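**Student:** Residue numbers (the working numbering): 10 to 378.
1) Would you kindly work out how many angstroms separate the C-alpha atoms of residue 40 and residue 370, rounded to a whole number?
2) Expressed to the nearest angstrom, what Euclidean distance is found between the alpha-carbon atoms of residue 200 and residue 299?
3) What do you reckon, are the CB atoms on residue 231 and residue 205 nearer than 7 Å?
4) Quick one: grab the DSSP three-state call for residue 228.
5) With distances taken Cα to Cα, identify the nearest neighbour of residue 217 among 224, 202, 225, 208.
6) Using CA atoms only, rank isn't needed, just tell me which of 121, 301, 264 is closest to residue 214.
7) DSSP three-state label for residue 128, please.
8) How big is the Cα-Cα spacing for residue 163 and residue 99?
9) Restricting to Cα atoms, I'd like to know which of 368, 367, 358 is closest to residue 179.
10) Specify, as a first and last residue, the run of the alpha helix (DSSP H) that residue 233 falls within.
11) Taking the continuous beta strand (DSSP E) assigned at residue 289, which residues delimit it?
12) Rounded to the nearest angstrom, what separates residue 176 and residue 197 at their Cα positions?
13) So the candidates are 334, 82, 116; which of them puts its Cα closest to the Cα of residue 235?
14) Taking Cβ positions, are residue 244 and residue 279 nearer each other than 7 Å?
15) Give me the DSSP bridge partner(s) of residue 256.
16) In three-state terms, what does DSSP make of residue 207?
17) Would you mind stating whether residue 312 and residue 251 have Cβ atoms separated by less than 7 Å?
18) Note the first and the last residue of the continuous beta strand (DSSP E) segment covering residue 247.
19) Quick check: what's the CA-CA separation for residue 289 versus residue 226?
20) Answer yes or no: the CB of residue 194 versus the heavy atoms of the ligand SAH, is any distance below 6 Å?
21) Would you say residue 107 and residue 170 are within 7 Å of each other, going by their C-beta atoms?
22) Rounded C-beta distance between residue 191 and residue 344? I'm assuming under 8 Å.
23) Taking buried to mean at least 16 other C-beta atoms within 10 Å of its own C-beta, is residue 255 buried or exposed?
24) What's the C-alpha gap between residue 247 and residue 308?
25) I need the DSSP call for residue 184, collapsed to helix, strand or coil.
26) Going by the DSSP bridge assignment, what does residue 331 pair with across the sheet?
27) Please classify residue 368 as buried or exposed, where buried requires at least 16 other C-beta atoms within 10 Å of its C-beta.
28) Mapping DSSP to helix, strand and coil, what is residue 305?
29) Would you identify the three-state DSSP class for residue 361, choosing helix, strand or coil?
30) State the start and end residues of the unbroken beta strand (DSSP E) segment that holds residue 271.
31) Look up residue 201 in the DSSP assignment and give the residues it is bridged to.
32) Rounded to whole angstroms, what is the Cα-Cα separation between residue 121 and residue 185?
33) With which residues is residue 277 paired in a DSSP beta bridge?
34) Assuming residue 302 and residue 286 are in contact, meaning their beta carbons sit under 8 Å apart, how far apart are those beta carbons, in whole angstroms?
35) Quick one: what's got a C-beta closer than 8 Å to residue 140's C-beta in the same chain, skipping five residues either side?
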């Protein structure tokens, strides 16, 4: 009996020690799990079988901790699911792609490509605009159906459509305002020492100077005694005031021509002969740059007709010029003005795109969270 009791007592002691050790191990493992990522927590089975199912008291003791960890895991998973992190690469694309497209379209429409291949340039710009419009429509549909990354798709689609359209419009304005006249004059002929009032034929005969002889003139350097006859100036008013004054040789007294005219807009009086256009007050000005804007030419021609009626002169083939001191420098200034507009628009468009994108990203993140 003593031996049996001793054996039973020893066995009971061993079981208690084993259970104590197991309980301590589980407690340590559960306390360690409390600081882990909820997604990495094991799901403990309460079924029979296995070490956990062997002790009902352990489940009662530590079940509350397990339930809390499982609940934290579920909340963390839902939070991570709905949180929207900032995608830096996509954000940079949203900043640079519309801006780069705008600059490319503006440059293509604004500079020499438009002059040398106008049809190709317009077709290319139209295709880019159509692609931008289709992207905008697709992104709007994606936004309505609630697809993934819909904010970036919507912003890129709308920004590309707006950038391509504005690039075409603003580039075309810059082209016709500054670049097209300078390119056109560069391709025309240059004449030197031209007498604006008379010309000498091969036969030795002197006849009035005719503009028909210089139809392809882009730059003309007149003879040293050429001046503006401001007393015979005239104007034609149609919203703007279109001003003209004949370029003459004051030494011509007989058979003098009046086919060369200095022109300007809103730089004279509609009541008197008062021409103040170009370098009219410079004694060194003896040159002319051809006026090549097609929409202005009919109004200048009407002003010449008025000068003929007022001053009794005759102009059979009038040619219109900007009266300048140095035609090369003046032409270069036109080109520089176009380049300055390009640089200004390029910088401004980047700033505007960044100012629109930043609050849009912030609003999208706030609404997603």
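Idealized CB from N, CA, C, for every residue including glycine.
Here the structure is a predicted model, which is why all the values come from computation and not from measurement.
**Tutor:** Taking the geometry as given:
1) Any reading at residue 40 must be qualified, since the residue scores a pLDDT of 40, below 50, and its modelled position is unreliable; no value is offered.
2) Roughly 12 Å separates the two Cα atoms.
3) A contact, by the Cβ cut-off of 7 Å.
4) Three-state result, residue 228: strand.
5) Relative to residue 217, the option among 224, 202, 225, 208 whose CA is nearest is 208.
6) Residue 214 has its Cα closest to that of 264, out of 121, 301, 264.
7) Looking at residue 128 - three-state DSSP - the assignment turns out to be helix.
8) About 13 Å.
9) Among 368, 367, 358, the Cα nearest to that of residue 179 belongs to 358.
10) No alpha helix (DSSP H) contains residue 233, which DSSP labels as neither H nor E.
11) Unbroken run through residue 289: none, as it is neither H nor E.
12) In this structure, the CA atom of residue 176 is about 29 Å from the CA atom of residue 197.
13) Ranking 334, 82, 116 by Cα distance to residue 235 puts 334 first.
14) At the C-beta level, residue 244 and residue 279 come within 7 Å of one another.
15) The partner list for residue 256 (beta bridge, DSSP) reads 237.
16) Residue state, collapsed to three classes: strand.
17) Against a cut-off of 7 Å, the Cβ pair of residue 251 and residue 312 comes out as a contact.
18) For residue 247, the enclosing beta strand (DSSP E) starts and ends at 243-247.
19) When only Cα atoms are considered, residue 289 and residue 226 end up about 21 Å apart.
20) For the structure depicted, the ligand SAH is absent and the ligand set is empty, with no information on it obtainable.
21) No, the Cβ-Cβ distance between residue 107 and residue 170 is not below 7 Å.
22) Separation of the CB atoms of residue 191 and residue 344 is rounded to 5 Å, and the pair is thereby assigned contact status at 8 Å.
23) Of the residues assessed, residue 255 falls on the buried side of the cut-off, its CB having 16 or more other CB atoms within 10 angstroms.
24) Those two C-alpha atoms are separated by around 8 Å.
25) Residue 184: helix per DSSP, three-state reduction.
26) Bridge partners of residue 331: 298.
27) Residue 368 comes out exposed.
28) Here residue 305 sits in coil by DSSP.
29) Here residue 361 sits in helix by DSSP.
30) Where residue 271 is concerned, the enclosing beta strand (DSSP E) starts and stops at 269-274.
31) Partner(s): 230.
32) Cα to Cα, residue 121 sits roughly 11 Å from residue 185.
33) In the DSSP output, where bridge partners are listed per residue, residue 277 has 284.
34) Not confirmed; about 14 Å, so no contact.
35) Within the same chain, residue 140 has close Cβ partners 169, 173.
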